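Written below as structure tokens is the structure these notes are about.
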């Protein structure tokens with residue numbers, strides 16, 4: 194039976210109960226620790242820049258929005274959330290990897306939406322550091338999922354060397 198009191202957010206492989214970040218719609222006022230849309234950022238950069246530079250503004254990218262639409266501006270945000278509208282939609286993996294490798298983003302990357310335990314190991318390899326689990330996912334199973342494989346042949350965001358170079 195699901196325990197509804199358990200947290201559904203994991204960060205750095207730990208459950209989080211007191212996350213300050215909150216989504217604001219494009220017509221709502223932007224307070225500290227607000228997560229805004231890319232279109233809102235693009236329309237209001239000048240007004241929002243100071244809040245972003247203070248580390249108190251986050252960005253939500255939909256599955257249709259790509260890393261190159263944000264590009265070098267990614268460093269303006271302490272947190273970037275990438276939406277997975279359904280389990281089978283893998284565009285968020287590419288967006289995360291490009292933000293890390295091509296655009297050098299070092300902040301927190303959070304997967305949101307239809308995030309399942311089965312995806313966590315692979316999301317982490319693409320550069321995600323926090324995960325907003327779908328409400329029916331078990332936190333203990335999610336924590337165990339990070340150890341799904343002990344060795345990976347391919348490189349990833351965390352270690353760009355292939356297996357034969359790691360020996």
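Numbering (this note's numbering), first residue to last: 194 to 360.
All C-beta atoms, glycine included, are put in the ideal place defined by N, C-alpha and C.
Since the model is a prediction, treat every value here as computed from it, not as a measurement.
Contacting residues, own chain, Cβ-Cβ under 7 Å from residue i (five flanking each side not counted)
i, result
"residue 265", "296"
"residue 215", "226, 227, 228"
"residue 363", "This structure does not reach residue 363, given that the chain is present from 194 up to 360, and the question cannot be answered."
"residue 205", "322"
Where the beta strand (DSSP E) containing residue i begins and where it ends
i, result
"residue 204", "202-204"
"residue 208", "207-209"
"residue 276", "272-277"
"residue 253", "250-254"
Residue j beta carbon less than 9 Å from that of residue i
i, j, result
"residue 203", "residue 302", "no"
"residue 256", "residue 282", "yes"
"residue 317", "residue 351", "yes"
"residue 245", "residue 287", "no"
Sequence-distant residues of the same chain with beta carbon closer than 8 Å to residue i, five excluded per side
i, result
"residue 217", "223, 224, 227, 228, 229"
"residue 219", "229, 230, 232, 233"
Host alpha helix (DSSP H) of residue i (start-end)
i, result
"residue 236", "231-246"
"residue 383", "There is simply no residue 383 to check, as the chain begins at 194 and stops at 360 in what is shown."
Chain-order list of residues whose beta-carbon lies under 6 Å from that of residue i (same chain, five-residue window excluded)
i, result
"residue 271", "248, 300"
"residue 262", "none"
"residue 156", "This structure leaves residue 156 out entirely; the chain is present only between 194 and 360."
"residue 212", "202"
Start-end ranges of the beta strand (DSSP E) lying completely within the stretch 285-343, minimum 3 residues: 301-306, 323-325
Contact between the stretch 223-235 and the stretch 250-258 is defined here as three or more beta-carbon pairs at a separation below 8 Å; is this criterion met? yes
How about the stretch 265-285 and the stretch 306-318: do they share at least three Cβ pairs that are nearer than 8 Å? yes
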